[in-house]
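Student: Let me begin by handing over the structure; questions about it come next.
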């Protein structure tokens, strides 16, 4: 490595000021690595996760000591599949040129989502960089389980082979929990660190005053608010939640379900909830409003399809803990999150089948005295395991170790 600060490159299609969860996490990681002395650059596209071309961003800027470089690519947004694919492929092509012919870096950090971006990290090793692979979801496994990719197809086999190659060629692999780490080790990863996705415990903290202000702003006074915030994606399931909403509209109309965000299942959920006065929807909220939003809820809702349990770890879990709010997990039986919620006493766990969601929320609404204890334990868990500075410090230690470690075999330059 050249003398001077470590030169770290983070590659993701979206970055600050975007609302995408990965954009927010990588922005915080970049800021903290930079504060620790690294020279950090983020390589991203120019479009917005939600707005597409409307949110087109400048090609170069500096933010909190982080250099941001945005490559030329299409910016159709996520409203249509073809537009999403075009945005992704053009970003991948432009980012490849930047990696191969731009300034050399010491460490390149890539995510597993979306697929193929990890190839850029592998290619960076041709120029002497160390490649750190952050696995968010297990692809292509998730796509096959959700039916968006046919198991046994040429694309599925090729994606599996590529995933295994990236795991073996990375200088370090980061998993979100021990269950995911075990799978990655079985697939050939040489060194796997477990660093969970975090929440900023300073920006998001228990704050009854801002929560009350959010309730007043949106006419939620006197309601028992169950909040789902973030991506309504294919890995999530909402039938039990909507079934509970229909039942509680009659038996306990005080309970209100608030969905904040967007995603491929939003329209489906809106259609199913049509006519229900106890279900409301809001768009993604600005980053500076998140403390108000998260404190405005009584319970935070996390859902997960059982088919992808252990392959996906929702990042909204840490945000609920940061706000000191109980978590209701629907689905995901047997995952580390399921076990942790029960062990730490920070919420409830329900299967998708049966009336568990309805009964749990009915009891919580009518006996709210238990929520304060759950919320206090949730905040304690955040500070022990999921607090931003704790997790980014682990990342800084990982980067330092990778720079000093023996190289894994180099890729052949085609």
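Numbering (my numbering), first residue to last: 2 to 415.
A virtual CB, placed ideally from N, CA and C, is assigned to each residue, including glycine.
In the DSSP assignment, the alpha helix (DSSP H) including residue 296 goes from what residue to what residue?
Tutor: Taking the first residue of the chain shown as position 1, residue 296 is located at position 295. Looking at the DSSP string, the run of the alpha helix (DSSP H) that includes residue 296 is 291-296.
Student: For residue 275, which of helix, strand or coil comes out of DSSP?
Tutor: Your numbering for residue 275 matches position 274 in the chain shown. Correct three-state label for residue 275: coil.
Student: Within a Cβ cutoff of 8 Å, which residues of the same chain sit near residue 398, ignoring the five residues on either side of it in sequence?
Tutor: Numbered from its first residue, the chain shown carries residue 398 at position 397. Closer than 8 Å at the Cβ level, and outside the excluded window around residue 398, lies no residue.
Student: List the whole-angstrom C-beta distance separating residue 304 from residue 359, where the pair is believed to meet the contact cut-off of C-beta under 8 Å.
Tutor: Residue 304 sits at position 303 when you count from the first residue of the chain shown. Residue 359 sits at position 358 when you count from the first residue of the chain shown. Going by Cβ atoms, the distance from residue 304 to residue 359 rounds to 15 Å, so no, they are not a contact pair.
Student: Enumerated in chain order, which unbroken segments of the beta strand (DSSP E) with a length of 3 residues or greater are wholly contained in the region 308-335?
Tutor: Listed in chain order, the complete beta strand (DSSP E) runs (minimum 3 residues) inside the region 308-335 are 328-331.
Student: If I'm right that residue 207 touches residue 319 with Cβ under 8 Å, what's the distance once you round it to whole angstroms?
Tutor: Here residue 207 is taken as the residue at index 206 of the chain shown, counted from 1. Here residue 319 is taken as the residue at index 318 of the chain shown, counted from 1. Rounded, the Cβ-Cβ distance is 14 Å, inconsistent with contact.
Student: Can you say whether residue 81 is buried or exposed, counting buried as having 16 or more other CB atoms within 10 angstroms of its CB?
Tutor: Sequence index remark: in the chain shown, residue 81 carries index 80 (1-based). By the neighbour-count rule (16 or more Cβ atoms within 10 Å), residue 81 is not buried but exposed.
Student: Measure from the alpha carbon of residue 403 to the alpha carbon of each residue in 171, 231, 327 and 233, then state which is nearest.
Tutor: Counting from 1 along the chain shown, the entry for residue 403 is found at position 402. Nearest C-alpha to residue 403: 171.
Student: Tell me whether residue 41 sits in a helix, a strand or coil according to DSSP, three-state version.
Tutor: The residue labelled residue 41 in the question sits at position 40 within the chain shown. The answer is strand: DSSP assigns residue 41 an E or B state.
Student: When DSSP builds the beta bridges, which residues end up paired with residue 263?
Tutor: Working through the chain shown from its first residue, we reach residue 263 at position 262. Answer by DSSP bridge pairing, in chain order: 232.
Student: Determine which residues share a DSSP beta bridge with residue 304 and list them.
Tutor: Translated into the one-based positions of the chain shown, residue 304 becomes position 303. Paired residue(s): 331.
Student: Give a yes or no on contact between the region 212-222 and the region 231-251, applying the rule of three or more CB pairs nearer than 8 Å.
Tutor: Taking 8 Å as the limit for Cβ pairs, the verdict is that the region 231-251 does not touch the region 212-222.
Student: Measure the C-alpha to C-alpha separation of residue 194 and residue 31 and round it to an integer number of angstroms.
Tutor: By 1-based counting over the chain shown, the position of residue 194 is 193. By 1-based counting over the chain shown, the position of residue 31 is 30. Rounded to whole angstroms, residue 194 to residue 31 spans 18 Å at the Cα level.
Student: Based on Cα-Cα distance, which residue from 192, 255 and 286 lies nearest to residue 263?
Tutor: Along the chain shown, one-based indexing puts residue 263 at 262. Minimum Cα distance to residue 263 is reached at 286.
Student: I need the DSSP call for residue 69, collapsed to helix, strand or coil.
Tutor: The count along the chain shown starts at 1 and reaches residue 69 at position 68. Strand at residue 69.
Student: Residue 283 by DSSP, collapsed to three states: which one?
Tutor: As a first step, residue 283 is located in the chain shown; it is residue number 282 there, counting from the start. The answer is strand: DSSP assigns residue 283 an E or B state.
Student: Could you tell me which residues DSSP pairs with residue 64 in its beta bridges?
Tutor: For this step, residue 64 is matched to residue 63 along the chain shown. Bridge partners of residue 64: 67.
Student: DSSP on residue 131, reduced to helix/strand/coil?
Tutor: The count along the chain shown starts at 1 and reaches residue 131 at position 130. Strand at residue 131.
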